[in-house]
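S.K.: Take this structure first; my questions come after.
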Amino acid sequence: MNRWLMKSELDVYPYSQLVEDGQTHWDGVRNYQARNMMRDDMKLGDLVLFYHSNTKPPHVAGVAKIVREGYPDFTSWDVNSKYRDEKSSPENPRWFMVDIAPVKELAMVSLDAMKANPALEGMPLLRRGQRLSVQPVNVEHFNEVLSMAGVSPEDLE
DNA sequence: GCCAACGTTGGC
DNA sequence: GCCAACGTTGGC
Numbered sequence: 005m006n007r008w009l010m011k012s013e014l015d016v017y018p019y020s021q022l023v024e025d026g027q028t029h030w031d032g033v034r035n036y037q038a039r040n041m042m043r044d045d046m047k048l049g050d051l052v053l054f055y056h057s058n059t060k061p062p063h064v065a066g067v068a069k070i071v072r073e074g075y076p077d078f079t080s081w082d083v084n085s086k087y088r089d090e091k092s093s094p095e096n097p098r099w100f101m102v103d104i105a106p107v108k109e110l111a112m113v114s115l116d117a118m119k120a121n122p123a124l125e126g127m128p129l130l131r132r133g134q135r136l137s138v139q140p141v142n143v144e145h146f147n148e149v150l151s152m153a154g155v156s157p158e159d160l161e
């Protein structure tokens with residue numbers, strides 16, 4: 005199983021909204037690296053740290069899981085969508101997305117706390133200038149973040 | 001194919 | 001609101 009981190013701006017789509025919706029499609033990602041991970045690497049059941057960006061403090065808010073593997077992002081050819089890309093079509097989709105569902109809400113784990121934790125050294129999120137909205141997380145880092153929220157991996161089952 | 005200009009992300 | 005980082009665009 006792979007593990008991931010996905011960023012969402014708190015005031016755009018918070019974890020609480022995911023809980024309310026029960027499931028959502030992760031549309032609007034327009035970055036090739038992130039697309040490739042969603043299209044090729046994210047598998048059913050993979051776990052995701054749900055991260056709130058653009059808020060004070062930035063933080064991990066919960067755990068989600070992949071409930072549908074990569075498929076074309078239909079907002080890319082929706083003329084009414086702000087995510088529209090003229091070069092993408094149903095016949096030749098350029099952008100992909102996955103569906104995620106909530107697993108467990110976490111006590112806030114702030115970016116500062118993560119930076120201060122030596123066990124998280126090397127985590128992509130903590131790298132200077134890291135902007136990717138979808139990132140891989142190794143199992144040690146993933147479990148360490150859980151632990152910082154007082155949760156053990158078994159609690160997710 | 002290089003690279004300067006530009007736009008966006010996102011912490012601070 | 002600032003600005004560093006960095007991906008994308010487009011002229012050449």
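Plus 4 on top of the position in the first sequence (first one is 1) and you've got my numbering. Ideal Cβ placement from N, Cα and C applies to all residues, glycine included.
(1) When you compare only the Cα positions, how much space is there between G32 and G154?
(2) Given this structure, state the Cα-to-Cα distance separating R98 from W30, to the nearest angstrom.
(3) So R7 and F100 are supposed to be a Cβ contact under 8 Å. How far apart are they, rounded?
(4) Can you give, in chain order, each stretch of the beta strand (DSSP E) that sits fully within the segment 54-82 and has at least 3 residues?
(5) Just to confirm, is the Cβ distance from A68 to P18 under 9 Å?
(6) CA-CA distance, L51 and I70?
(7) Please give the ranges of any alpha helix (DSSP H) in the segment 103-127, keeping only runs that are unbroken, at least 4 residues long and fully inside the region.
(8) Apply the 10 Å Cβ neighbour rule to A120 and answer buried if 16 or more other Cβ atoms are within range, or exposed otherwise.
(9) Whole-angstrom Cβ separation of S114 and H63, contact assumed at under 8 Å?
(10) Going by DSSP, which residues form a beta bridge with V138?
(11) Mind checking which residues open and close the alpha helix (DSSP H) that includes E24?
(12) With respect to the alpha helix (DSSP H) encompassing A38, which residues constitute its N-terminal and C-terminal limits?
(13) For K11, which residues from the same chain have a beta carbon less than 7 Å from its beta carbon, with the 5 sequence-adjacent residues on both sides left out?
M.R.: Short version:
(1) The residue labelled residue 32 in the question sits at position 28 within the first sequence. The residue labelled residue 154 in the question sits at position 150 within the first sequence. For G32 and G154, the distance between alpha carbons rounds to 32 Å.
(2) Here residue 98 is taken as the residue at index 94 of the first sequence, counted from 1. Here residue 30 is taken as the residue at index 26 of the first sequence, counted from 1. So the alpha carbons of these two residues sit roughly 15 Å apart.
(3) Position 3 of the first sequence, counted from the first residue, corresponds to residue 7. Position 96 of the first sequence, counted from the first residue, corresponds to residue 100. 19 Å between Cβ atoms; not a contact.
(4) Segments of the beta strand (DSSP E) lying fully in the segment 54-82: 63-76.
(5) One-based indexing of the first sequence puts residue 68 at position 64. One-based indexing of the first sequence puts residue 18 at position 14. Cβ distance not < 9 Å, so A68 and P18 don't count as in contact.
(6) For this step, residue 51 is matched to residue 47 along the first sequence. For this step, residue 70 is matched to residue 66 along the first sequence. For L51 and I70, the distance between alpha carbons rounds to 7 Å.
(7) 115-119
(8) For the purposes of this step, residue 120 is taken as residue 116 along the first sequence, with counting starting at 1. A120 comes out exposed.
(9) The residue you call residue 114 lines up with position 110 of the first sequence. The residue you call residue 63 lines up with position 59 of the first sequence. At roughly 5 Å, the Cβ-Cβ gap stays under 8 Å, so S114 and H63 are in contact.
(10) As a position in the first sequence, residue 138 is number 134, starting the count at 1. In the DSSP output, where bridge partners are listed per residue, V138 has M10.
(11) Your numbering for residue 24 matches position 20 in the first sequence. Run containing E24: Y19 to D25, per the alpha helix (DSSP H) assignment.
(12) Reading the first sequence from its first residue, position 34 is the one you call residue 38. Boundaries of the alpha helix (DSSP H) harbouring A38: Y36 to N40, taken from the DSSP string.
(13) Residue 11 sits at position 7 when you count from the first residue of the first sequence. Cβ within range, chain order: Y55, S57 and S137.
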